[in-house]
Structures are given as C-alpha cells and as structure tokens.
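What follows is a set of notes on a single structure, which appears directly below.
Residue numbers (the numbering used here): 175 to 600.
Have a look at this one:
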C-alpha cells in the first residue's frame with residue numbers, strides 16, 4: 175500500500191484540474207478517456223480525439239464497442255473434440271494425462287488468439303470489457319480442463335460485454351465451463367450443491383451478505399434447490415436440464431415464494447436494487463476510481479435497472495460522470511498486467527508475429543488469462559503492485575527496448591517513460 179500511495183501521489187500532482195466532462199477535450203483529457211476505455215493510446219489516437227466533446231467521444235467509443243467483432247477467427251483446428259465419455263473410461267492413465275495436456279495446449283492457443291485481438295483491435299473497449307467480465311464470472315481451465323468449454327464461455331462474455339447483463343447472467347448459469355467450475359452439474363435434489371447458488375449471489379449479483387447483499391444462508395439453500403437438475407451432456411458438455419434431478423417443490427427466496435427454477439431465481443435477484451448497485455460499483459472501480467461515490471452509484475444504478483440492465487447505459491453514465499473527469503481520480507488506478515503488456519505494444523505500434531511471450535509475461539506478472547486465482551477473480555488495484563512485480567514490470571520495458579527493432583531515440587524515450595512510476599497507473 176505504501177508503494178502504491180507514493181506512485182499515486184507523485185502522478186496526481188501533475189494531473190490537470192478537471193471537474194466535469196469537457197465540451198472540448200485537451201490532449202491530456204483525450205488520453206485519459208482512451209487509456210481508461212482501452213489500453214495505452216498512440217499519439218495518433220489521441221490527436222483524433224483532441225478537440226472533440228467528451229459526450230461525443232464517449233458515445234463514439236461505446237457505439238464502436240457495441241458493434242465490435244473479432245478481427246481473426248479462431249482456427250477450427252485450434253480446439254479438438256476430446257474422446258467420448260465411454261472411450262475415456264478405457265483410456266490408460268498416460269493416455270488421460272496426454273489428453274489433459276492437449277486441452278491445456280489448446281487453452282494456451284485461445285490465450286494467444288485473445289492477446290492478438292487485444293493488440294490489434296480498433297475497438298479496445300470491447301476487449302477491456304470482455305476481460306472485465308472474465309474476472310467477474312471467473313472460471314479457471316485448471317479445473318474445467320476442456321478448452322472448448324472455455325472458448326464457449328469466452329464467446330458468451332464477448333457477445334454480451336456491452337449488451338445485456340441480464341442475458342449474460344442467464345447465459346452464464348447454463349454455461350458448461352461454469353457448471354463444471356462451480357459443481358453445478360452435480361447439483362441434484364437429493365443432495366443440493368450450494369457452490370453456484372452462493373457465488374451467484376455473493377460474487378455475481380448482490381455482493382457479500384454482510385456488505386448489503388440482503389440474503390441469508392437459508393436463501394442460498396433455496397437458490398441451490400432451484401438449480402438442481404441443471405446438468406451437462408458428458409460428451410460435448412452441452413447444457414441439459416434433467417427433470418428427474420430437479421426439485422420442483424416450493425421455495426422461498428428473498429421473501430418470494432413459489433416453485434421456482436433457476437431462471438426465475440435469477441430474475442428475483444435482478445429485481446433487487448442491490449444487484450444494480452453492486453455491478454455499477456464494480457464497473458466504477460474498474461473505470462473511474464478506487465472509491466465509488468455512493469450517491470452517483472445510486473443514480474447510475476437506477477438508470478441501469480430502468481433499461482433492463484443495459485451495460486452500455488451504465489458505461490455511458492460512468493464515463494460522463496463528474497468523478498470520471500475529476501483530476502483527483504486521474505492516475506488513481508493500477509494497470510493490470512494485461513493492460514500493461516498490451517498497452518506498451520500498442521503504444522509502440524508493434525504488430526508481433528508471435529504473441530506467446532506476451533501471454534507468458536502477463537501470467538508472470540500475475541494475470542494468467544483463463545486461469546484466475548479463484549472464483550473471486552483477480553483482486554486488482556494495489557494487489558497488482560509489490561516490489562517484485564514492479565521490478566518485473568520495468569524489466570518488461572527493458573526487454574521491449576532490447577528486442578524490438580525501432581527508432582533508437584523513440585525507444586529510449588519509451589524506456590524513460592516506462593521507468594516513471596506513473597506508467598503503472600491509468
């Protein structure tokens with residue numbers, strides 16, 4: 175914390191004094207918007223936004239993110255079909271280990287594909303939000319194993335990243351990777367498994383019960399009953415509802431009583447005002463400042479709910495808020511390892527033929543794509559920075575300068591900027 179405080183104080187001291195969304199953005203203001211909604215912008219990207227109104231610029235950035243499509247298709251051969259469940263029973267231990275290694279290798283291929291998308295995308299906000307939701311609905315391939323399941327989840331998050339949070343939540347409840355990761359596929363009426371029920375309330379919609387979530391252990395047990403029978407086909411891991419495993423009995427969730435199924439429970443959760451507040455607070459910490467303003471969160475949360483959880487509406491309100499443009503919140507957030515690595519490469523205009531070293535470097539710095547540390551995702555903020563990771567972050571800049579061809583004077587200027595504590599902040 176002391177190390178980060180020094181970084182923040184040093185950089186906040188040089189930030190311009192801004193209080194509201196500007197009618198005509200300066201170069202510094204344009205850079206602020208672009209670094210918060212993407213990665214480190216190039217000088218050309220900053221010039222393209224300089225002089226425009228913040229409202230127009232935010233609308234354009236959001237509109238582009240809503241229309242965004244991947245630049246590259248994942249090669250069909252990148253994900254194989256694992257052996258059928260029946261065949262797996264006859265496999266030797268070595269064959270099963272070999273099959274697992276193949277799945278991990280394919281997962282690494284997905285990471286490389288995504289890293290290239292982040293480097294080359296003309297709509298970086300779409301990538302940033304996909305990354306944000308990957309941390310929110312954290313799922314690790316270390317437990318899921320199947321690369322095809324991880325890929326399907328990525329497609330779900332990408333498709334809804336700037337769309338409907340309601341649709342994304344309903345989709346994630348049926349998502350094969352999530353059903354494996356939180357043991358939902360094992361949830362049956364004879365022995366309800368509470369893992370998904372607990373996390374869908376605590377981590378995905380309402381927050382901790384002791385922090386305003388408003389639910390009890392009894393609610394968690396009832397929610398678990400509603401999701402019994404939500405299962406998978408063993409061979410292709412497609413979602414399958416199994417009526418014989420489902421509890422059709424009466425349940426009481428947050429004061430509502432009925433023979434609810436999982437979808438009805440999700441809608442009950444989203445009917446709680448706390449759900450919108452919780453999501454807006456998380457988006458605030460990702461894009462505005464480390465400390466959400468309760469009144470502004472409430473205002474934006476009401477807009478969010480009134481539009482049936484349209485993420486684009488919440489993002490627009492956040493990016494045009496007084497707090498987003500306030501100088502006190504400039505340079506107050508820490509770049510994640512992926513943001514740092516991708517941002518540096520984009521800033522230098524590099525289009526690497528091989529992005530594997532970038533995937534490895536972000537993992538070394540603490541953010542291994544498809545492998546968050548636990549169901550809570552990456553803690554972020556000050557947790558990204560300590561004496562070791564700060565040294566490694568600076569070493570990354572040295573490695574870029576040493577191994578990437580470029581104008582010597584320009585690379586020297588980049589290295590000097592990267593050594594400044596402010597380069598770790600956004």
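Idealized CB from N, CA, C, for every residue including glycine.
Item                                                                                                                                   : Value
Beta-carbon proximity check, residue 315 vs residue 278, cutoff 8 Å                                                                    : yes
Within 8 Å, strictly: CB atoms of residue 536 and residue 512                                                                          : yes
Environment of residue 296 [buried if 16+ CB atoms lie within 10 Å]                                                                    : exposed
C-alpha gap between residue 273 and residue 477, whole angstroms                                                                       : 48 Å
Residue 283 burial status per 10 Å Cβ neighbour count (16 or more: buried)                                                             : buried
Cβ-based neighbour list, residue 178, same chain, cut-off 6 Å, excluding 5 preceding and 5 following                                   : Low per-residue confidence applies at residue 178: pLDDT is 45, beneath 50, and the placement is therefore not dependable enough to give any value.
Nearest neighbour of residue 570, chosen from 519, 600 and 579 [CA to CA]                                                              : 519
As assigned by DSSP and simplified to three states, the class of residue 246                                                           : coil
Sub-8 Å separation of residue 387 and residue 438 beta-carbons                                                                         : no
Through-space distance from residue 534 to residue 542, alpha-carbon basis                                                             : 8 Å
Helix, strand or coil at residue 338 [DSSP, three-state]                                                                               : strand
Environment of residue 374 [buried if 16+ CB atoms lie within 10 Å]                                                                    : buried
Cβ pair residue 330, residue 342 closer than 8 Å                                                                                       : yes
Segment contact flag, the segment 260–270 with the segment 193–209, C-beta cutoff 8 Å, min 3 pairs                                     : no
Nearest to residue 255 (by Cα), restricted to the options 483, 206, 294 and 411                                                        : 411
Inter-residue Cα distance where the pair is residue 598 and residue 321                                                                : 32 Å
Own chain residues within Cβ distance below 8 Å of residue 446, not counting five before or after                                      : 379, 380, 388 and 428
Residue 427 - containing beta strand (DSSP E), residue span                                                                            : 425–427
Cβ-based neighbour list, residue 195, same chain, cut-off 7 Å, excluding 5 preceding and 5 following                                   : 228, 229, 494 and 499
Nearest-angstrom Cα separation, counted from residue 367 out to residue 131                                                            : Here the chain covers residues 175 to 600 and nothing more, so residue 131 does not appear.
Backbone CA spacing between residue 423 and residue 433 [nearest angstrom]                                                             : 5 Å
Spatial distance of residue 308 from residue 236 (CA atoms)                                                                            : 19 Å
Best match in 197, 333, 350 and 210 for proximity to residue 313 [C-alpha to C-alpha]                                                  : 350
Local Cβ density within 10 Å of residue 306, reported as buried at 16 or more and exposed below that                                   : buried
Where residue 377 falls: helix, strand or coil (DSSP)                                                                                  : coil
Of the listed residues 310, 524, 531 and 232, nearest to residue 588 (C-alpha basis)                                                   : 524
Where residue 508 falls: helix, strand or coil (DSSP)                                                                                  : strand
Inter-residue Cα distance where the pair is residue 213 and residue 566                                                                : 19 Å
Range covered by the beta strand (DSSP E) that runs through residue 543                                                                : Where residue 543 is concerned, there is no enclosing beta strand (DSSP E), given that its DSSP letter is neither H nor E.
Residue 300 versus 547, 240 and 250, residue with shortest Cα-Cα distance                                                              : 240
Residue 246 to residue 528 span [Cα, whole Å]                                                                                          : 15 Å
Residue 190 classed as buried or exposed, judged by whether at least 16 other C-beta atoms fall within 10 angstroms                    : Below a pLDDT of 50, predicted positions are generally treated as unreliable, and residue 190, at 39, falls in that range; the measurement from the model is reported next regardless. With fewer than 16 other Cβ atoms within 10 Å, it is exposed.
Contacts around residue 304, its chain only, beta-carbon distance under 7 Å, and the 5 residues preceding and following it disregarded : 331, 332 and 335
Rounded C-alpha distance that separates residue 344 from residue 440                                                                   : 7 Å
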